[in-house]
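The structure under discussion appears below in the form of structure tokens.
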Amino acid sequence: EVRAALGIPVDATLVGAASRLTPWKGQDRFVHAAAKLAERFPTARFVVAGSPEAGQAHQQEYFESLKRLTADLGIADRVLFPGYLSNLQDLMATMDVFVLPSVQPEPFGMVIVEAMALGVPVVATNGGGPREIVRDWETGLLVPPGDSAALADAVGSLLADSNMRARFGAAARDRVRDTFSLEAFRHNLHRLYREGAA
């Protein structure tokens, strides 16, 4: 069990983010949101998966600043930094909410699609790829980039309502199957060929 390996209680609600550790990915916004949520949801745990790229001193400095921030906010015992995980999808499958807190537009956001395929509802910033992937209030929630209060509110709405999480998660899985799967790609490609030949 991936939770046990990381020391995450089985009964904890788990909110996670996963990406390269760099400022534009907004992990600091996620940590600030986690501090707001930690008081309201005492069993919640937060995971920031990912690691700085080798040789990128500014990313290493950012990583260290994130760890200091959790200590400054009094949530160091609630936020986990496991680094790079080869079994990330196993961890994602146990999450109650997946967060993509980027402060600049994501070109696409494949990690969102991966979370949705696992039936995990997503909270993402409203810009770039996430705006095209996440159907707001159907498969997840979209929030303004850089707004940790809005991020906390959106995640809190999902943590407080297990029925909403289940509904969004099921809709997210369906959306990936119908729009982003290999079968959907083949179907759309064949349709384009047929239309082009007509």
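Straight run, no breaks: the sequence shown in our numbering ends on number 213. C-beta: ideal position from N, C-alpha, C; glycine also. What you are looking at is a predicted structure, and each value in this text was computed from that prediction instead of being measured.
Thinking just about the alpha-carbon of each residue, which of 28, 33 and 182 is nearest to the one in residue 98? 33
Determine the burial state of residue 209: buried for a count of at least 16 other Cβ atoms within 10 Å of its Cβ, exposed for fewer. exposed
Measure the alpha-carbon distance for residue 155 versus residue 187 and round it to whole angstroms. 7 Å
Identify whether residue 45 lies in helix, strand or coil by the three-state DSSP scheme. In the structure shown, residue 45 falls within a helical segment according to DSSP collapsed to helix, strand and coil.
Under 8 Å by Cβ, that's how I've got residue 90 and residue 50 pegged, so tell me the actual separation to the nearest angstrom. 5 Å
Do residue 170 and residue 88 have their C-beta atoms within less than 9 Å of each other? no
Would you list the residues sitting across from residue 151 in a DSSP beta bridge? 155
So if DSSP puts residue 115 in a beta bridge, which residue, or which two residues, is it bridged to? 139
Going by Cα to Cα distance, which pick from 107, 151, 123 and 143 is closest to residue 132? 107
For residue 198, does the three-state DSSP call read helix, strand or coil? helix
Please report the residue range of the alpha helix (DSSP H) in which residue 183 lies. 177-190
The beta strand (DSSP E) that contains residue 98, what's its start and end? 94-98
Classify residue 116 as buried or exposed, calling it buried when 16 or more other Cβ atoms lie within 10 Å of its own Cβ. Around the beta carbon of residue 116, 16 or more other beta carbons lie within 10 angstroms, which makes this residue buried.
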